[in-house]
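Written out below as structure tokens is the structure these notes cover.
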Amino acid sequence: MVILDTSKLAISIEVRDHWHHQHPEAIQIIDVTARHPQQGQLGAIASLTAWRLVRAHIRDDFLHILDADHQELANVFDKYGQVRPHIIEPVYYNGSGCWGKELNKGSLFYVFGVSVEKRFRGQGIGSWFLDKFLHSDQVQQLDVVTCWPAPMNRHGALWEATRDRQLAFFRKNHFRRIGRTSLFGYSSNEVHPSRRIAVAQDVEQLGADFKAPDNPKLEFPLHTAIYLDTTSQVIDTIQQHYNRDPSSIHVSDWVGATPLHIAAAKPNVFALRKLLSWDMSADLVNTKNAEGETPLGTLRAHMNAARMVADANLSLDWQGYPEDALEAEFLLKRSMGIPVPSTFQQYIGNNRYGCTCGHCGGGWFSPRMRFQLTSACDHHWARFMGLIVEILDKEVFESKQVTELEDFLDPCCRYIPPVFKSSFFKTFYEGYCSVFCLVWQSLTAPDAVLSWDSVRHQSDFPGAPNRMGTNFYFRKGGLVAYVFDAITDRAYEVSALRNGEHDEKHKDNVRWTALPTCANDLDFRLVRSMLGLSRGAKWGPYTRSDFEALGY
1 MVILDTSKLA
11 ISIEVRDHWH
21 HQHPEAIQII
31 DVTARHPQQG
41 QLGAIASLTA
51 WRLVRAHIRD
61 DFLHILDADH
71 QELANVFDKY
81 GQVRPHIIEP
91 VYYNGSGCWG
101 KELNKGSLFY
111 VFGVSVEKRF
121 RGQGIGSWFL
131 DKFLHSDQVQ
141 QLDVVTCWPA
151 PMNRHGALWE
161 ATRDRQLAFF
171 RKNHFRRIGR
181 TSLFGYSSNE
191 VHPSRRIAVA
201 QDVEQLGADF
211 KAPDNPKLEF
221 PLHTAIYLDT
231 TSQVIDTIQQ
241 HYNRDPSSIH
251 VSDWVGATPL
261 HIAAAKPNVF
271 ALRKLLSWDM
281 SADLVNTKNA
291 EGETPLGTLR
301 AHMNAARMVA
311 DANLSLDWQG
321 YPEDALEAEF
331 LLKRSMGIPV
341 PSTFQQYIGN
351 NRYGCTCGHC
361 GGGWFSPRMR
371 FQLTSACDHH
381 WARFMGLIVE
391 ILDKEVFESK
401 QVTELEDFLD
411 PCCRYIPPVF
421 KSSFFKTFYE
431 GYCSVFCLVW
441 QSLTAPDAVL
451 SWDSVRHQSD
461 FPGAPNRMGT
471 NFYFRKGGLV
481 AYVFDAITDR
491 AYEVSALRNG
501 EHDEKHKDNV
511 RWTALPTCAN
521 DLDFRLVRSM
531 LGLSRGAKWG
541 PYTRSDFEAL
551 GY
């Protein structure tokens, strides 16, 4: 070992944009190196690479930005880059309980590892070096620094030994496990609760104490049958096991899962119905397993994991929770005495799209989302109505002449595709404005669920605004979708996911603050999908380059 004086080490920090072609501003790569004046020609003595995820640019694409290689972050943070509620709620999953909603503030750092040249190890250079980074100008008071101690290119006992050294290193430097996940966090706040958790008191990861047997299929045949056979034949299989040994339907496997846990996780509705025909009161509340979950909690975890995969794919629209999972949830809740609707069909309508407030129109359109879209309409009319009247009254449109669509002053016209440039007559614009008005009327109608059909239906009423313009707009191929695109996108841009202008504007508005909160309140992606704005298609706002690319 070569002894070095750390006071002579020079730290250099380089910040560069990430390679992500769609979100280069969301991730910055930070390279940190330490060099000694006498060792400069021999390269870095210590090095560190980290990501800085800038929440202001994450929007609702966090899972897509991460990609499949960083599942450990996706297990803790949702598509908005916000901590998943079960990680910090006062239940088994929250572990030591030292982390809370402060994980949602500031930038999010992800340290890939700290490396010290082998001949300089064993003298505290690694800890000194990491501390220099953590106290540099790069890491601010509200930022959270995370890491995942997981050795690369190691196997078996060597992997475990290396992992244990990494855990000890990061814990020594004030990193503590986030919940019971594989991820560790560091807070710059010296009075943060994580600083009061002694190393020996930090919790272990979920499932750390459970070891798989040599032949689990042979040792737990009923569990295996329930997992593999989702047909009605599994009913007879379960009955046969019960006839031979009634206690078999309550046996826990090597991770502590009962047959009911397996049926819920799959989900296997045939098996669930059969198992629930017996007394399952103890099994329904059993949490003595690797996940620390009841069967219902296990089911929800698997449902959320499946949705997480869909949220990470930008080309696919989430179609809601599958019917078999909802039926399993319905059966388990009913068996636990949790209030549910009288019929399964009602339950599907209320829960397919993840509503948590019980007031979502169609199960997906939350009161707060309705308010945000209505507010976007109101803002547009209040700001541009005078301009629109002036445009129409002062002959900005020359008689029977097309106007330059890409240069038009009304910003919502930027959501009309370039293909309509040749149709952009005064009557077409009047029709577009009328459809905008019809959408506003749908939004303000009590309990009405927004849809293409509801707006088109209103346009046929005798009292509908400017029916001639509306009919001309539709006849030329104009769609309600272009107005939906404009309203949802403009509401999104002022939402809490972007500049927060909406929340700031309405923070003292009781009509807003009194509304129930819901998991769907900021799910603009879901709303756009339900309104027919497929993620795989091109939507506005269109720019001059879009017009030029299409030859307009």
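Sequential numbering of the sequence shown, starting at 1, is according to full-length UniProt numbering. Where is the CB? At the ideal position from N, CA and C, for every residue including glycine.
C-alpha distance - residue i paired with residue j, whole-angstrom precision
| i | j | result |
| --- | --- | --- |
| GLY361 | ALA208 | 43 Å |
| VAL54 | VAL285 | 40 Å |
| SER127 | LEU63 | 31 Å |
| THR517 | ASP447 | 17 Å |
| SER545 | TYR353 | 36 Å |
| ALA549 | PHE420 | 15 Å |
| PHE547 | ARG414 | 11 Å |
| GLU102 | ALA50 | 20 Å |
| PHE484 | LYS426 | 21 Å |
| VAL32 | GLU14 | 7 Å |
| ALA140 | SER188 | The sequence shown places Gln at residue 140, rather than the Ala named in the question. Roughly 7 Å between the two C-alpha positions. |
| TRP539 | HIS457 | 24 Å |
| HIS250 | GLN82 | 37 Å |
| LEU66 | GLU190 | 29 Å |
| ASN268 | TRP364 | 26 Å |
Residue j beta carbon less than 8 Å from that of residue i
| i | j | result |
| --- | --- | --- |
| ARG176 | PHE184 | yes |
| SER107 | ARG52 | yes |
| ARG84 | VAL91 | no |
| GLY469 | GLY431 | yes |
| VAL455 | ILE487 | no |
| ARG180 | LEU206 | yes |
| HIS23 | ASP78 | no |
| residue 555 | PHE133 | Residue coverage of the chain in this structure runs from 1 to 552, which leaves residue 555 outside it and unanswerable. |
| ARG59 | LEU497 | yes |
| residue 561 | MET308 | The chain is shown from 1 up to 552; residue 561 falls before or after that span and cannot be answered. |
| TRP159 | PRO149 | no |
| TYR473 | VAL435 | yes |
| LEU167 | VAL111 | no |
Endpoints, alpha helix (DSSP H) assigned at residue i
| i | result |
| --- | --- |
| THR258 | It is not in any alpha helix (DSSP H) - THR258 carries neither H nor E in the DSSP assignment. |
| TRP440 | 426-444 |
| GLU493 | 480-493 |
| LYS505 | 501-505 |
| ILE348 | 344-351 |
| VAL2 | Per DSSP, VAL2 belongs to no alpha helix (DSSP H) and is neither H nor E. |
| GLN319 | Where GLN319 is concerned, there is no enclosing alpha helix (DSSP H), given that its DSSP letter is neither H nor E. |
| PHE474 | 467-475 |
| GLN38 | Neither: GLN38 is in no alpha helix (DSSP H) and is coded neither H nor E. |
| GLU548 | 544-549 |
| ILE65 | 62-66 |
| ARG528 | 524-530 |
| ALA56 | Unbroken run through ALA56: none, as it is neither H nor E. |
Beta strand (DSSP E) segment containing residue i, residue limits
| i | result |
| --- | --- |
| GLN138 | Segment: none, GLN138 is in no beta strand (DSSP E) and carries neither H nor E. |
| ILE29 | 27-35 |
| VAL15 | 10-17 |
| SER47 | 46-53 |
Does the region 240-260 touch the region 275-291, meaning 3 or more C-beta pairs lie closer than 8 Å?
yes
Restricting to runs no shorter than 3 residues, where is the beta strand (DSSP E) found entirely within the region 76-130?
108-116
For the region 240-286, list the alpha helix (DSSP H) runs that are entirely contained and at least 4 residues long, ordered along the chain.
Runs of the alpha helix (DSSP H) inside the region 240-286: 259-265, 269-275, 281-284.
Does the pairing of the region 329-347 with the region 491-505 give three or more beta-carbon distances under 8 Å?
These segments do not touch.
Quick one: complete beta strand (DSSP E) runs, 3+ long, within the region 172-205?
184-187
Any chance the region 296-304 sits against the region 318-333, with 3 or more Cβ pairs inside 8 Å?
yes
Please give the ranges of any alpha helix (DSSP H) in the region 207-245, keeping only runs that are unbroken, at least 4 residues long and fully inside the region.
216-219, 221-228, 233-244
Taking 8 Å as the threshold, find out whether the region 524-543 comes into contact with the region 361-381 through three or more Cβ pairs.
Yes: the two stretches touch, three or more of their Cβ pairs being nearer than 8 Å.
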